[in-house]
Structures are given as structure tokens and as C-alpha cells.
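Protein sequence lines correspond, in order, to chains D and Z. Taking our numbering, the leading residue of the first sequence gets 3, the next gets one more, and so forth. Taking our numbering, the leading residue of the second sequence gets 249, the next gets one more, and so forth. Quick reminder that beta carbons are idealized off the backbone N, C-alpha and C, glycines included.
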Amino acid sequence: MTPTAAEVLMGNFMALVEPPPQESVGDYTASRISVIGMNSLLASQETEMGAAVRVWENQAISAVLSKAGAPLAASTEDLSITALDALNAKLRLALIAVHEALEAHGDAALDREILTLYQAMANKRMLVLPVIAGS
Amino acid sequence: MSLADQLSAYLGRLWGREAQVLDLTRIPGGASRETYRFDVDVDTERKGLILRRDPVGSLIDTDRRLEFLAVQSFYGRGVLVPEPVALEMAETELERPFFIMGRIDGGKAASPFTVDAYGVYAATIGEQFFSSLGIIAKADPVGLPISEVTEMPSLAACWSKELDYWANVIETDQLHPQPIVWAAIRKLRRNPPPPAQKISVVHGDYRTGNFLHDGEGKIIAILDWEMAHLGDPMEDLGWAIDPLWGHYDPDRVAGMLTRTEALKIWEQASGLKVDLKALDWWSLFNAVKGQAIWTSSAREYRDSGAKDPVLALSGWYTARRHDKIIADRLASLEGWA
């Protein structure tokens with residue numbers, strides 16, 4: 003999934019390093035800084051959980067691929083986000099192909115298992131904003 | 249020459265009178281355009297206006313002429329929209345195309361990521377919100393300005409035109425494989441909705457946060473028409489009630505009304521019936537469309553040097569929320585192939 007926490011934190015720096023033009027000072031800049039703050043908060047969550055979630059997802063996809071008769075290993079010694087994402091991209095592409103094929107063949111049980119996997123993937127990747135009351 | 253000076257010169261030429269722009273200030277909102285508020289003195293009169301200029305990088309790639317004509321289509325026709333003032337497609341005036349609208353003061357737009365955004369006025373605002381959407385759906389697009397620039401699809405082709413378009417956006421812009429949204433796209437293709445009841449103007453981004461209210465229960469302007477087109481009126485309804493725009497309230501769509509209440513108000517205003525099977529299709533479609541927009545945001549964020557934090561938030565937080573919405577919906581669909 004993109005962008006990564008590292009990209010967002012770099013982006014926050016890029017967004018702040020140049021002074022805003024005169025006509026953008028005020029509400030626009032205040033809003034922009036608020037969004038930068040939100041992005042930093044989300045980056046803190048992603049930094050904390052990002053590697054663990056990717057390791058989990060890679061293994062979960064690999065397990066489903068094995069059941070579908072299309073095994074693809076999920077292990078890697080490089081636990082950097084870049085390496086885990088590269089492996090994740092391969093596994094996700096294989097999962098898309100497997101899911102598409104089984105839909106055509108009507109394998110309802112495995113289809114249900116993949117849909118459950120999608121829910122778990124989405125849940126584990128969720129980022130949370132603080133509760134802010136509307137005005 | 250400053251932007252204010254350029255704008256003064258432009259308006260002077262447009263109106264054939266000396267115009268002086270004052271207090272030009274960029275404001276947040278409308279992520280696909282740079283938006284500025286300003287006053288202009290012309291003769292002895294002072295007007296409050298809004299400038300919407302094409303950005304260097306954007307959340308979505310939209311046509312400013314289409315947005316201008318969409319606003320023009322409903323100005324004075326029962327939907328509260330700002331007065332369309334001028335459209336300039338040339339890049340010689342303000343470096344990028346832009347248009348100018350009347351300014352509606354005293355309003356505020358809710359952030360979609362707040363809870364209980366409308367407080368005690370939620371139901372009152374909800375009634376106006378879904379009623380206005382019904383009025384848009386009811387309008388005959390033939391003869392409206394927007395029909396000059398938008399294709400009129402057949403009743404049967406509304407769904408495939410939109411699905412093809414947004415699937416192509418994902419195909420083109422995705423930076424990382426997205427199995428959840430592709431499963432939804434295949435599911436939508438295998439289970440097409442019934443033909444549209446009629447062809448309507450589709451606002452394209454009709455949701456909480458894209459209108460102004462006065463803080464006392466009255467909607468005063470429907471904004472952000474940049475994704476307007478002609479199509480199935482159920483499309484807007486599905487977007488308006490998407491959980492992403494629900495202010496984290498599982499019981500009230502758009503954080504305003506129960507789903508049943510909202511659909512009833514829309515039916516009364518539009519004179520149309522809600523086909524619940526069609527709405528299921530358009531609801532899943534809208535989650536896909538949302539994911540396409542966030543996918544483009546992530547692409548644009550990276551391609552434009554990561555300088556716009558709104559693109560990051562859209563390509564990241566909202567993308568993940570829509571993944572969850574789609575995954576939950578895929579798991580709960582019954583009777584779909």
C-alpha cells in the first residue's frame with residue numbers, strides 16, 4: 003500500500019520547508035498544518051505496526067495460495083518495509099490471479115476464505131484518527 | 249505581478265471597468281482546485297467572489313469548464329449554488345485555467361472525519377441534503393448547460409461507462425496491487441444493475457463536507473461540482489450514503505438520518521423509486537470509485553514531489569478505510585454471482 007510512512011514523513015518536511023506565499027497565510031496554512039499533523043499521527047501508527055502487519059499479511063496470503071495449489075513463499079530475511087512491500091506485491095498479484103481463476107470455476111469455499119482474508123487484511127491495515135467533534 | 253494584480257487586470261478587462269482586487273486569500277477545501285476568496289471594488293460597488301484555479305497537482309483530473317457549466321445548470325433552479333461569474337480557459341491570464349463564482353458568506357463545511365458534525369441540526373440538514381439531491385436527480389438534463397460538454401449515456405450503459413472509467417483509473421495509477429478492489433470490480437461486472445430509471449445530472453461528489461451550512465440548520469450552498477456528469481441518479485445516492493461519509497455513525501447515513509429516512513426524502517423530491525438491488529450495486533461501485541480517487545491521490549502525491557499533505561491523507565487513510573468498506577461489503581453480499 004502506498005504511500006509508506008517514510009514517504010509521508012518526508013512529504014511533511016517538504017510541505018513545511020518552503021514558506022507559503024502571502025495569499026496562502028491564514029486559514030489555508032492552518033488547515034494544511036492540521037493535515038500534516040494528522041499525517042504524522044498516522045505515520046506513528048504505521049511505524050509501530052507496519053512491519054508486523056506486512057509479515058502477517060504475506061504469510062496469510064502465502065497460506066491461501068498454497069491451498070489453491072499455487073504456492074509462493076512468504077519468507078524473507080530482509081525485514082525492511084521496502085523488502086516486505088516488494089514481496090507483498092508479488093503475493094498480492096498471485097492472489098488476484100488465483101481469486102479470479104477460482105471465481106470462474108465456482109470454488110465457493112475458497113472464495114469465502116479469500117473474502118475473509120480480505121477483511122482481515124483491511125482490518126489489520128486500518129489507521130485511526132483521533133475522535134474530533136464537529137463544530 | 250502578484251496574483252491579486254493579475255486578477256484585477258483580468259476582471260477590469262472582463263467588465264470594461266477598473267477593478268481592484270482586495271484581501272485575496274487562499275482557503276482550504278476543494279482538493280482538486282486552488283480556491284481563493286477575495287473582494288473586488290468595481291465602480292462604487294464591492295463584491296465578494298471565489299476564484300477556483302487549476303492546481304499544479306490534483307486529487308482528481310477534472311475539467312473546470314464542466315464544473316462551471318454544472319453550477320450554471322442549477323443556478324436559480326431550486327438547488328442552492330453560487331452565482332457563476334466567469335470562466336477562463338486560457339493559461340495567459342493566471343497561468344492556469346480558472347473560474348470565478350459568487351461568494352456565499354457565513355457558511356461552514358463539515359470535515360468528514362469528525363463525529364456528530366451537525367449536532368442537533370443533523371436531521372434538519374439531512375432533510376435538505378437528500379431533498380436537494382432529489383431535485384438534482386429530477387431535473388431533465390436536456391437543455392441544461394452541462395449537456396453541452398457531457399456525453400448522454402443510454403439508460404443501460406450508465407453503469408458500465410462509470411465502472412470502466414474508474415477501473416481504468418485504478419489500472420493506470422495503482423502503485424501497489426490491490427486485490428480487494430479488483431475483486432469488487434469483477435463482482436460488479438458479473439452482477440450488473442438494472443438500467444437507470446432516467447438520465448440525470450450526477451453531481452459526482454455529493455457528500456457531507458461538500459456543502460455549506462449556516463450553523464443553525466440551514467444548507468446555504470451545494471459545492472464541488474467538478475466530477476459532474478450525466479448518468480444514473482442512483483450513483484449520487486450511493487456516494488452520499490457511503491460509510492466513509494458517515495461521520496463514524498453506524499446508524500445515520502451522512503451522519504444525518506437513518507438510511508430509510510434518507511431514501512424516503514430522496515424519493516419524494518426526485519419522484520423516483522429506490523430499487524434496493526440497484527442501490528446495492530451503486531453502493532459497492534461508489535466504494536470502488538472512492539478507492540480509484542485515493543489511488544490517484546497516492547500516485548499524484550508521489551509524482552508531484554510529496555508536497556501536498558491532503559494527497560497523502562487521501563491516498564493513505566481514506567484508501568485504507570475504503571478497503572475495509574469494500575471487504576466488509578464483499579463478505580456480506582448475498583445472491584450475487
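Item, Value
"Alpha-carbon spacing of Z/Leu511 relative to Z/Leu524, whole angstroms", "10 Å"
"Chain D within 8 Å of Z/Phe361, Cβ atoms only", "yes"
"Buried/exposed call for Z/His477, threshold 16 Cβ in 10 Å", "buried"
"For Z/Pro481 and D/Ala124, the rounded distance between their alpha carbons", "30 Å"
"Contact under 8 Å by Cβ, Z/Asp576 with D/Gln121", "yes"
"Cβ separation of D/Glu134 and D/Leu97, assumed to be a contact under 8 Å, to the nearest whole Å", "What sits at residue 134 of chain D in the sequence shown is Ile, not Glu. That belief does not hold up - the Cβ atoms of D/Ile134 and D/Leu97 are roughly 36 Å apart, past 8 Å."
"Per-residue burial, D/His107 [other beta carbons within 10 Å of its own, 16 or more giving buried]", "exposed"
"Buried or exposed by the 16-neighbour rule on C-beta atoms within 10 Å, applied to Z/Leu270", "exposed"
"8 Å CB neighbourhood of D/Val37 in its chain, flanking five on each side removed", "none"
"Given 8 Å, three or more beta-carbon pairs between the region 258 to 277 of chain Z and the region 62 to 77 of chain D", "no"
"For Z/Gln268, the nearest candidate out of Z/Ala415, Z/Arg274, Z/Tyr284 and Z/Val290 (CA to CA)", "Z/Val290"
"D/Leu101 (DSSP reduced to helix, strand or coil)", "This sequence places His at residue 101 of chain D; Leu is not what is there. Three-state DSSP puts D/His101 in a helix."
"Interface positions of the region 93 to 115 of chain D facing chain Z (Cβ-Cβ less than 7 Å), listed along the chain", "Arg94, Leu95, Leu97, Ile98, His101, Glu102 and Glu105"
"Partners in chain D for Z/Asp576, counting only beta-carbon separations shorter than 7 Å", "Gln121"
"Run of the alpha helix (DSSP H) containing Z/Ser448, from where it starts to where it stops", "Note, Z/Ser448: premise wrong, no alpha helix (DSSP H); beta strand (DSSP E) at Ser448 to Val450."
"Beta strand (DSSP E) segments (min. 3 residues) lying fully within the region 255 to 328 of chain Z", "267 to 275, 282 to 290 and 293 to 301"
"Buried or exposed by the 16-neighbour rule on C-beta atoms within 10 Å, applied to Z/Glu266", "exposed"
"Identity of the residue in Z/Ile418, Z/Asp472 and Z/Ile447 nearest Z/Ala540 by Cα", "Z/Ile418"
"Residue-chain proximity (Z/Asp571, chain D), Cβ-Cβ < 8 Å", "yes"
"Three-state class that DSSP yields for Z/Ile384 in the structure shown", "helix"
"Coil, strand or helix - Z/Lys521 by DSSP", "coil"
"One or two residues paired with Z/Ile467 in a DSSP bridge", "Z/His461"
"The region 62 to 89 of chain D: positions lying closer than 8 Å to chain Z by Cβ", "Asp87"
"Alpha carbon of Z/Asp388 to alpha carbon of Z/Ser580, nearest angstrom", "36 Å"
"Under 8 Å between C-beta atoms of Z/Pro276 and D/Ser33", "yes"
"Residues that D/Ala135 bridges to, as DSSP identifies them", "Z/Val363"
"Chain D contacts from the region 260 to 289 of chain Z (Cβ-Cβ distance under 7 Å)", "Leu272, Thr273, Arg274, Ile275, Pro276 and Tyr284"
"Z/His451 beta carbon near the ligand HEM (any heavy atom closer than 7 Å)", "With respect to the ligand HEM, the structure offers nothing, as it holds no ligand at all."
"Below-8 Å beta-carbon distance, Z/Gln254 vs any chain D residue", "no"
"Members of the region 398 to 426 of chain Z that neighbour chain D once the beta carbon cut-off is set at 8 Å", "Leu423, His424, Pro425 and Gln426"
"Near-chain D residues of the region 314 to 331 of chain Z - C-beta to any C-beta below 7 Å", "none"
"Three-state secondary structure assigned by DSSP to Z/Glu419", "helix"
"Counterpart residues of D/Leu119 in DSSP-defined beta bridges", "Partner(s): none; D/Leu119 has no beta bridge."
"Exposed unless 16 or more other CB atoms sit within 10 angstroms - verdict on Z/Lys435", "buried"
"Alpha-carbon spacing of Z/Pro443 relative to D/Asp87, whole angstroms", "41 Å"
"Exposure of Z/Thr292, with buried meaning 16 or more beta-carbon neighbours within 10 Å", "exposed"
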